[in-house]
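So the structure is just underneath, and the comments pick up after that.
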Amino acid sequence: MKRLALLISAVLIGTVSVQAQSSPRFGNGGDSVGALVADGFEIKSVVLNNGKYIVFLQKERKAFACEFSRVNKSRCGEIQ
Numbered sequence: 001m002k003r004l005a006l007l008i009s010a011v012l013i014g015t016v017s018v019q020a021q022s023s024p025r026f027g028n029g030g031d032s033v034g035a036l037v038a039d040g041f042e043i044k045s046v047v048l049n050n051g052k053y054i055v056f057l058q059k060e061r062k063a064f065a066c067e068f069s070r071v072n073k074s075r076c077g078e079i080q
């Protein structure tokens with residue numbers, strides 16, 4: 001399981017750089033994973049849910065969850 005999470009993280013980080021260059025925002029006006037990682041957020045975990053990856057990011061006391069339905073389509077929202 002840990003290997004899978006590392007593999008997914010590596011794929012997502014590669015995708016993040018492409019997304020950050022092409023479009024800074026996705027979904028409902030939320031931040032993209034690329035923008036969040038560039039801002040210092042760390043990927044804490046990745047979960048597969050109904051064919052979609054949910055990525056949890058955290059920086060200090062702020063946290064975001066991002067849903068990937070495809071490699072080039074995601075939406076993120078702050079966890080409050």
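Under full-length UniProt numbering, the first residue of the sequence shown is numbered 1, with each subsequent residue one higher.
We treat Cβ as the ideally placed atom computed from N, Cα and C, and that holds for glycine.
Check this for me: beta carbons of residue i and residue j, under 7 Å apart or not?
i, j, result
"Val46", "Val33", "no"
"Ala63", "Ile79", "yes"
"Lys59", "Gly40", "yes"
Which two residues bound the contiguous beta strand (DSSP E) that contains residue i?
i, result
"Val46", "Glu42 to Asn49"
Taking residue i as part of the alpha helix (DSSP H), name the residues at either end of that continuous run.
i, result
"Val55", "Careful: Val55 lies outside any alpha helix (DSSP H), inside the beta strand (DSSP E) at Lys52 to Lys59."
"Val33", "Val33 to Ala38"
My assumption, with CB atoms under 8 Å, is that residue i sits in contact with residue j. Please give the rounded CB distance.
i, j, result
"Leu36", "Cys76", "7 Å"
Just list the residues that DSSP pairs residue i with in beta bridges.
i, result
"Ser74", "Phe68"
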